[in-house]
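The opening position of the sequence shown corresponds to residue 1 in the working numbering, with each subsequent residue numbered one higher.
Even glycine gets a Cβ: it sits at the ideal position worked out from N, Cα and C.
Take a look at the structure below.
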Amino acid sequence: MAARTHLTIILVLLVSVTVLSWYLGTGGGAHPMVPDLTISAAVLFIALLKVRLIMSEFMGVRSAPAWVRRSSNAWLVVFFASLFIVHIAVSGG
Numbered sequence: 001m002a003a004r005t006h007l008t009i010i011l012v013l014l015v016s017v018t019v020l021s022w023y024l025g026t027g028g029g030a031h032p033m034v035p036d037l038t039i040s041a042a043v044l045f046i047a048l049l050k051v052r053l054i055m056s057e058f059m060g061v062r063s064a065p066a067w068v069r070r071s072s073n074a075w076l077v078v079f080f081a082s083l084f085i086v087h088i089a090v091s092g093g
């Protein structure tokens, strides 16, 4: 039963940060969508956390050998840093 409660908490957290990233990405409906580096960075960081949680909790990386955990974390950092750099290069900002 404890494992089920743990996964429910993770699922609620994932849904909550998804709603938060949607709210940030759309500006909360307060203004037309204007590219903003800060908001883009926040949304990408939230996505990084979500992917990390999914890999850890639902793909079994948390219980995997240390080298798998380290290499998956390194892959995430490199991938999201690359996305952010490409976003900066394309948006000119």
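* Just checking, does the segment 55-75 make contact with the segment 40-47 on the three C-beta pairs under 8 Å criterion? -> No: fewer than three Cβ pairs fall under 8 Å.
For a quick check, are the C-beta atoms of leucine 14 and lysine 50 less than 8 Å apart?
Yes, they are a contact pair.
Once the 5 residues before and after leucine 53 are set aside, which same chain residues still bring their CB inside 8 Å of it?
Correct list, in chain order: Ile10, Leu13, Leu14.
Quiz item: Between the Cα of valine 90 and the Cα atoms of Asp36, Trp22, Gly25, Val19, which residue gives the shortest distance?
Solution: Ranked by how close their Cα comes to the Cα of valine 90, the residues Asp36, Trp22, Gly25, Val19 have Asp36 in first place.
Problem - DSSP state of alanine 64 mapped onto helix, strand, coil - result: In the three-state DSSP reduction, alanine 64 falls in the coil class, being neither helix nor strand.
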